[in-house]
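Encoded as structure tokens, the structure appears first; notes follow it.
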Amino acid sequence: MFARAVWLILRKDLTVEVRSGEIAYTTLFFAVSCILMFSFALVREGRGPEDGAAGLLWIAIVFAGTLALGRTFERERQSETLRALLMAPAARPAVYVGKLLGIVALLAGVEIVLVPLVALLFQARGMLDHPFWLAAILVSGTIGFASVGTLFAAMLIRARSRDVLLPVLLYPVIVPVMIAGVRGTAALLQPAVDTAILQFWLALTVTFDVVFVTLALWTFEPVMTD
Amino acid sequence: MPKWFMPAAAVCGVMFAVSPLIIANAPYEATMGLVQKIFYYHMPSAWMFLTAAIVCGVASVRFLATGNLRSDRTAWAAAELAVLFGLLTLVTGPLWARKSWGVWWVWDARVTSTLVGWMIAWAYLILRRYGGPGSEKLAAGLALFGAANVPFIYISVNYWRTIHPPTTVVPTLVVDMGFPLMWCVATFLLLFIVLMKLRVRIEEQRARLDAIHLALDA
């Protein structure tokens with residue numbers, strides 16, 4: 000029942016996205032322009048800042064993710080479908096998980112484009128040499144970011160000045176995940192990759208994922224009730 | 000105001016006035032000398048900062064679970080106190096670090112997570128101020144994540160390699176240093192309670208005033 004509700008919400012979001020492409024294209028374009036801005040500002044004589052690629056990749060993901068989160072819920076608000084979604088005979092946590100998976104899927108798509116771009120522009124080929132480690136760190140970090148982001152974006156839907164408030168509330172909370180994600184990705188760029196360090200940062204992001212998703216599942220019900 | 004409030008405020012004032020004398024009489028720490036004395040204000044403010052974050056988180060959980068407005072006011076007051084004591088911690092910390100570590104700021108786990116916790120308290124207040132109607136529930140959700148940060152701050156010095164002294168320092172202090180520390184902790188705790196009571200009281204009076212206004216309009 001729960002899984003079915005999650006699947007229906009996820010499928011609804013993906014269908015809307017496949018038909019309009021609105022959030023996917025705007026988010027992707029925004030993320031790519033972020034990376035280009037970084038490279039105009041930071042790359043000198045073909046060389047980016049030492050160790051900077053990991054940080055820039057994550058900043059672009061977080062900025063683009065913030066945009067996508069705002070739009071996903073703004074769309075529900077504009078078409079008055081949020082009320083319908085909340086009135087549907089599905090558990091509230093299922094609505095949350097469905098939305099979360101939608102955002103994670105979208106950001107994963109953005110990351111597939113961003114990673115080669117960053118690797119190319121910032122001479123960070125090391126990222127592509129260990130695709131499984133990179134994927135694990137990106138996925139767990141993205142889940143950590145999106146789990147809090149989905150909750151906050153949903154909460155803020157009825158608040159005044161929500162566009163500004165989303166990053167104001169979200170960024171301090173996700174700093175630990177961001178640090179772990181950046182450090183884990185930076186570890187991949189070292190000449191000799193130290194698996195112990197990678198495991199440590201990956202374990203940290205997974206820990207935060209568990210804490211954040213648990214808290215968000217519990218909080219979603221009371222904060223979304225009028 | 001309850002009967003205990005004025006005496007408590009007076010005792011707190013006297014304890015603050017006396018604390019410099021007690022700190023001055025404490026022995027000098029062997030390697031850091033005079034500058035170590037900032038510790039007697041730094042650590043109590045850090046403890047009160049963490050206490051405020053926990054109080055805010057627990058009150059927010061209560062508010063989310065029961066809808067009790069009293070818990071909501073407590074959470075709001077605690078968030079303001081977290082900003083205040085966080086500021087004291089983050090000002091005294093670098094002053095001490097400049098002399099003992101040689102730098103103003105280090106991005107180690109504890110310093111970073113304290114700053115992050117402080118920013119979450121600010122975000123809470125910004126949300127309450129500009130979020131419009133209904134923001135109290137959203138703020139409660141945020142406070143929950145802020146409180147989840149607390150154990151992370153506390154254990155961070157013990158688990159991560161860091162230059163910040165570990166928490167095990169406190170029980171091993173010599174009596175001459177332990178007494179001034181406990182004196183300052185008691186002073187800051189009293190200040191915390193007095194300010195908290197005052198702040199909750201202001202909100203209660205404001206709510207009563209609003210209720211009276213509504214009753215007059217009806």
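Going down the list, the protein sequences come from chains A and B.
The first sequence lines up with residues 0 to 225 when you count with numbering that gives the first Met the number 0.
The second sequence lines up with residues 0 to 217 when you count with numbering that gives the first Met the number 0.
Here a beta-carbon is modelled for each residue, glycine too, at the ideal position from N, C-alpha and C.
{"Item": "Could you give the distance in angstroms between the alpha-carbon of A:E44 and the alpha-carbon of A:A52?", "Value": "16 angstroms"}
{"Item": "Quick one: residues in its chain with C-beta nearer than 8 angstroms to the C-beta of B:A185, no 5 flanking neighbours on either side, listed in chain order?", "Value": "M14"}
{"Item": "So, do the region 17–29 of chain B and the region 174–189 of chain A have three or more beta carbon pairs nearer to each other than 8 angstroms?", "Value": "no"}
{"Item": "So what's A:E49 in DSSP terms, helix, strand or just coil?", "Value": "coil"}
{"Item": "Return the first residue and the last residue of the alpha helix (DSSP H) that B:G130 is part of.", "Value": "That residue, B:G130, is in no alpha helix (DSSP H); it is neither H nor E in DSSP."}
{"Item": "Near A:V147, which residues of its chain fall below 7 angstroms by C-beta distance, leaving aside the five closest residues on each side in sequence?", "Value": "L169, V172, I173, F211, A215"}
{"Item": "Judging by CA-CA distance, which residue of B:W46, B:G101, B:R109, B:R72 is the nearest neighbour of B:K136?", "Value": "B:R72"}
{"Item": "Counting contacts by CB-CB distance shorter than 8 angstroms, is B:L141 in contact with chain A?", "Value": "yes"}
{"Item": "Whole angstroms is fine: what's the gap from A:V205's alpha carbon to A:A104's?", "Value": "18 angstroms"}
{"Item": "In chain order, what residues of the region 132–153 of chain A put their CB closer than 8 angstroms to some CB of chain B?", "Value": "V147, L150, F151"}
{"Item": "In angstroms, rounded to a whole number, what distance separates the CA positions of A:T14 and A:A23?", "Value": "12 angstroms"}
{"Item": "For chain B, find out if any of its Cβ atoms is closer than 8 angstroms to the Cβ of A:T218; answer yes or no.", "Value": "yes"}
{"Item": "Determine the DSSP secondary structure at B:R278, reduced to helix, strand or coil.", "Value": "Nothing about residue 278 of chain B can be read from this structure; chain B reaches only from 0 to 217."}
{"Item": "Indicate whether B:C183 and B:Y39 have their beta-carbon atoms separated by less than 8 angstroms.", "Value": "yes"}
{"Item": "Under 8 angstroms, do A:M126 and A:L188 count as touching if we go by C-beta distance?", "Value": "yes"}
{"Item": "Does A:R43 come out as helix, strand or coil in the three-state DSSP assignment?", "Value": "strand"}
{"Item": "Over what stretch of residues does the alpha helix (DSSP H) that includes A:S78 continue unbroken?", "Value": "No alpha helix (DSSP H) holds A:S78; DSSP gives it neither H nor E."}
{"Item": "Of all Cβ atoms in chain A, is any one closer than 8 angstroms to the Cβ of B:V17?", "Value": "no"}
{"Item": "Please state if the CB of B:A81 and the CB of B:A108 are separated by a distance shorter than 8 angstroms.", "Value": "no"}
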